[in-house]
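Worksheet: the structure to be examined is printed underneath.
Residue numbers (my numbering): 253 to 740.
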């Protein structure tokens, strides 16, 4: 059963959000950017840019730049247009012609000056669009009309082209016209069949290019009675170095999330490096059962993805010794059913979800806002957790959706930084990764403002029942709030 669950989870391919959400600064301007994927490559993605804080601007331009500096120069940026009825929102269309990583440069110009935000976007094909039946019938009818018309023209040309006006073709010319029309029919039929064969080959090639994450494997072993998770990247493209190497994101090469089926237990782990393909993490005393494993990685190209597998755990072992101080978990005894509006944290404070009374609807922009208060109701100061004010993970109950969010949105911070530090001469693999490793070391000592209220830009991709885990740090302790949501 665990193997079947793993196959089903892997078959879902893309478990994250199909769209990209970003909230941050474009110079002096605060912006919220949403890039809605076309789901096909080449494809036309839709981008909306919302100005936050009431800033007045002159222009908003957008420009998708492919990650590889060896490619041709980027085209001129497109000017986004104001959305009718909302002067704070701009929209445009982006052609993403090649699969892979893009940095979408959002440039805002106004009275306060000009600023640019870099939004990493993954261009991946996640579906194959079917030809609608009415359109198919219409095209077939038009094709038949052209086919018959071509045969008629061929026959008439051979039969009557050299006759004087008004002359009737004799029996021989009529016969020659019919033979020519028949020969033309054979040639046209061959062309149609050849075109069909070519199109089927193109379709087959596209189907093969539909996105699949790198093949991976999760396994559990026992060391001195303690459960250790080994997460391995086993894809041939990875082992043969046909894709760019990993870069650290929030101080870690891999973020592993272990989610019990039924969503009753959760762990956020950071495996230690064993070799280029294998990573180990000590498992906390999670309740026995089957678990889905999600691993977030970011490659040097800026391509971020979530790898998946399943494991089965037995009874908990000895006390947990985390592999990394950033590791945290919450079990059934701590979480129970997720709260709708508030969650009691392990240090006695309370996290409230400021969700309002509106129904949550899939595909609609619905920022997630939370406030942490002390037992006496006072807002409490938070500390940076892995360089961010907070981290939010959410999963649908069937495991088909899993997303790791930050106040920046769904983007990978490492991918954004990779685009910022990469130069035209950085064609050798590993150069950008080394720069980011140095930047990550600096980030650990940075003082990042973390107020008591935290917001995450997002929209649920599909209807269903979701559980949310919101993690932040206070007084050196990692705290986890647990919430449930029903999305229509």
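Glycine included, each C-beta is placed from N, C-alpha and C at the ideal position. Predicted model only: the values in this text are computed from it and were never measured.
Annotated three-state conformation of residue 690 is helix, per DSSP. With three or more CB-CB distances shorter than 8 Å, the segment 495-514 counts as touching the segment 645-665. One thing to note: residue 472 has its Cβ within 9 Å of the Cβ of residue 481. Assigned with DSSP and collapsed to three states, residue 630 falls in coil, not helix or strand. The segment 716-736 and the segment 616-635 touch, with no fewer than 3 CB-CB distances between them shorter than 8 Å. Where residue 399 is concerned, the enclosing alpha helix (DSSP H) starts and stops at 385-412. If you draw a 10 Å sphere on the C-beta of residue 286, you find 16 or more other C-beta atoms in it, and that means buried. Residue range 541-550 is occupied by the beta strand (DSSP E) that includes residue 542. DSSP lists 739 as the beta-bridge partner residues of residue 716. Per DSSP, residue 338 lies in no alpha helix (DSSP H) segment; the continuous beta strand (DSSP E) that holds it begins and ends at 338-348.
Taking 9 Å as the cut-off, the beta carbon of residue 624 is found closer than this to the beta carbon of residue 603. Per the DSSP secondary-structure output, residue 468 pairs in a beta bridge with 485. Residue 534 carries a strand assignment under DSSP once its states are collapsed to helix, strand and coil. Following the DSSP letters along the chain, one finds residue 708 inside the beta strand (DSSP E) bounded by residues 705-708.
Counting along the chain, residue 665 sits inside the alpha helix (DSSP H) bounded by residues 665-673. Separation of the CB atoms of residue 313 and residue 329 is rounded to 4 Å, and the pair is thereby assigned contact status at 8 Å.
In this structure, the CA atom of residue 733 is about 19 Å from the CA atom of residue 739.
Here residue 316 is bridged, per DSSP, to 356.
Of all alpha-carbon atoms in 546, 705 and 710, the one lying nearest the alpha-carbon of residue 614 is that of 710. Shown here for residue 546: same chain residues with a beta carbon closer than 6 Å to its own, the five before and five after excluded, namely 509, 558, 560 and 654 in chain order. Considering only 708, 687, 690 and 647, the residue with the shortest C-alpha distance to residue 718 is 647. Its chain contains no residue whose beta carbon lies nearer than 7 Å to that of residue 455 once the 5 sequence neighbours on both sides are disregarded. Cβ atoms of residue 569 and residue 686 stay farther apart than 8 Å, at about 38 Å. Counted as a single uninterrupted DSSP element, the beta strand (DSSP E) harbouring residue 560 occupies residues 556-565. In the pairwise beta carbon analysis, the segment 298-316 is classified as touching the segment 335-348: at least three pairs are separated by under 8 Å.
Annotation for residue 305: 282 place their beta carbon closer than 7 Å to its own, counting only its chain and skipping 5 residues before and after. Per the C-alpha coordinates, the member of 384, 436, 386 and 394 positioned closest to residue 409 is 436.
In the DSSP assignment, residue 456 falls within the unbroken alpha helix (DSSP H) covering 423-460. Minimum Cα-Cα distance from residue 470 among the listed residues 421, 393 and 564 corresponds to 564.
Note that the C-beta distance between residue 496 and residue 373 is not below 9 Å.
One alpha carbon belongs to residue 358, the other to residue 278, and they sit about 7 Å apart.
Around the beta-carbon of residue 468, 16 or more other beta-carbon atoms lie within 10 Å, marking it buried. In this structure, residue 267 keeps its C-beta atom at 9 Å or more from the C-beta atom of residue 661. Between residue 626 and the set 457, 705 and 494, the nearest pair of CA atoms involves 705.
Around residue 616, the same chain offers 711 as residues with beta carbons nearer than 7 Å, after the five sequence neighbours per side are excluded.
Shown here, residue 510 sits in a strand according to DSSP, grouped into three states.
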